[in-house]
């Protein structure tokens, strides 16, 4: 089945499975979702939000999230300074700063608004630095990723009419020329 005949939900499920498998996303880790439903519909970002598209995307993410055990946070649009929708217990456990707003389609975006409605106890947080991300529609999620971001090229490059990109992160390599980055096998060492 090619991307032309797959539903948006199915396309997103394939995309997230690739992030989990290729990006090494583990249970308990956090994935930022940046989505322009306007771009998915073939329109310019921020001009034609679509709640039905948001529902399909949310369903695809949830299919994978429930199996893989990661947490999803949802980026709002620039009208809410790209704040993020998350479950309150996750925000509290991470020590994130909560902000006072409720995303709606015209201020926050259709995707963030959908996520806010679908979560058990949602809140908005100002900023995060998370393990991995999905960008559907070039929404610029980089500000929410931990250093160092690593782009992943998915087999499905488009969700609807929107470009799709994935990213994971790795710890910084520090220390210079004498630094060692792979743990040595100490069983071969001798104290003699």
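Residue numbers (my numbering): 1 to 192. All residues carry an ideal CB built from backbone N, CA and C; glycine is no exception.
| message | According to DSSP, is residue 37 part of a helix, a strand, or is it coil? | response | Reduced to three states, the DSSP call for residue 37 is helix.
| query | Apart from the five residues on each side of it in sequence, which residues of its chain come closer than 7 Å, Cβ to Cβ, to residue 82? | reply | Taking C-beta separations shorter than 7 Å and ignoring five residues to either side along the sequence, the partners of residue 82 in its chain run 75, 76 and 143, following chain order.
| said: Is it buried or exposed, residue 100, if we count other Cβ atoms within 10 angstroms and call 16 or more buried? | reply: Around the beta carbon of residue 100, a 10 Å sphere encloses fewer than 16 other beta carbons of the protein chains shown; the residue is thus reported as exposed.
| query | Would the beta-carbon of residue 140 fall within 8 Å of that of residue 37? | reply | Judged by their CB atoms, residue 140 and residue 37 are not nearer to each other than the 8 Å cut-off.
| query | residue 177 bridges to which residues according to DSSP? | reply | In the DSSP assignment, no residue is bridged to residue 177.
| said: Going by beta-carbon coordinates alone, are residue 85 and residue 58 separated by less than 8 Å? | reply: Cβ atoms of residue 85 and residue 58: not closer than 8 Å.
| task | May I have the straight-line CA-CA distance separating residue 6 from residue 119, to the nearest angstrom? | result | Approximately 26 Å, taken between the alpha carbons.
| task | Hey, could you find the ends of the alpha helix (DSSP H) residue 115 is sitting in? | result | 110-118 is the span of the alpha helix (DSSP H), which, as asked, contains residue 115.
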